[in-house]
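First comes the structure, then the notes that go with it.
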Amino acid sequence: LQPIPPPERGLQQVTMDFVTGLLAKDGCNDAIFVVVDKLTKMAHFAACKESISAKETARLFIPTVVHLDGIPSAIILDRDTKFTSNLWRNLWEQFGTRLQFSSAYHPETDRQTKRANQTMEELIRTTCDDWEQQLPLIEFTYNNAPSTTTRQSPFYLNKGQNPT
1 LQPIPPPERG LQQVTMDFVT GLLAKDGCND AIFVVVDKLT KMAHFAACKE SISAKETARL
61 FIPTVVHLDG IPSAIILDRD TKFTSNLWRN LWEQFGTRLQ FSSAYHPETD RQTKRANQTM
121 EELIRTTCDD WEQQLPLIEF TYNNAPSTTT RQSPFYLNKG QNPT
């Protein structure tokens with residue numbers, strides 16, 4: 001296992017994962033797509049269905065991440081079949097983005113996303129069953145709180161100030 005070198009700037013390397021098994025209201029979404037910047041810890045959350053395909057995940061990535069932060073040079077992810085599909089690999093090859101998969105025996109390479117998932121799940125518990133409507137506020141709250149690693153909020157590290 002080769003260690004992943006730290007990014008030199010924000011939004012250069014991101015991790016991706018899904019939080020699944022959430023309460024779906026009236027057949028709506030039951031999962032959250034989570035993308036976290038390795039350096040600044042900035043996170044983006046998007047509601048989706050647990051059954052989301054590789055193609056749908058790629059389509060979700062553009063409005064969730066790319067339109068705000070651009071195309072990352074590397075994406076660190078687990079070995080979910082969505083991420084190991086040819087469609088997914090070919091898409092990111094076109095963008096020049098390197099895909100780095102965590103090892104089954106070393107899942108800690110994706111520890112950052114797991115930590116974001118835990119924090120987000122704690123925030124979701126406070127919203128009862130309308131988590132999907134509250135997701136933008138949950139993302140804002142997460143990104144406005146100081147990270148235990150950096151001691152600064154992701155907003156501050158990305159924009160030089162916290163929102164008021």
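Per our numbering, the sequence shown starts with residue 1, numbered consecutively.
Note that the Cβ used here is the ideal one computed from N, Cα and C, for glycine as well.
If you check the CB distance, residue 12 and residue 73 come in under 8 Å. In the three-state DSSP reduction, residue 13 falls in the strand class (E or B).
31 is the residue among 8, 97, 31 and 96 whose C-alpha sits nearest the C-alpha of residue 124. Within its own chain, the residues whose Cβ lies closer than 8 Å to the Cβ of residue 42, once the five positions on either side in sequence are excluded, are 10, 11, 36, 69, 143, 154, 155, 157 and 158, listed in chain order. Under the DSSP definition of a beta bridge, residue 37 partners with 14. Taking C-alpha positions only, residue 52 is separated from residue 66 by approximately 19 Å. Between the C-alpha atoms of residue 131 and residue 24 there is a straight-line separation of about 9 Å. Beta-bridge partners of residue 47 (DSSP): 32.
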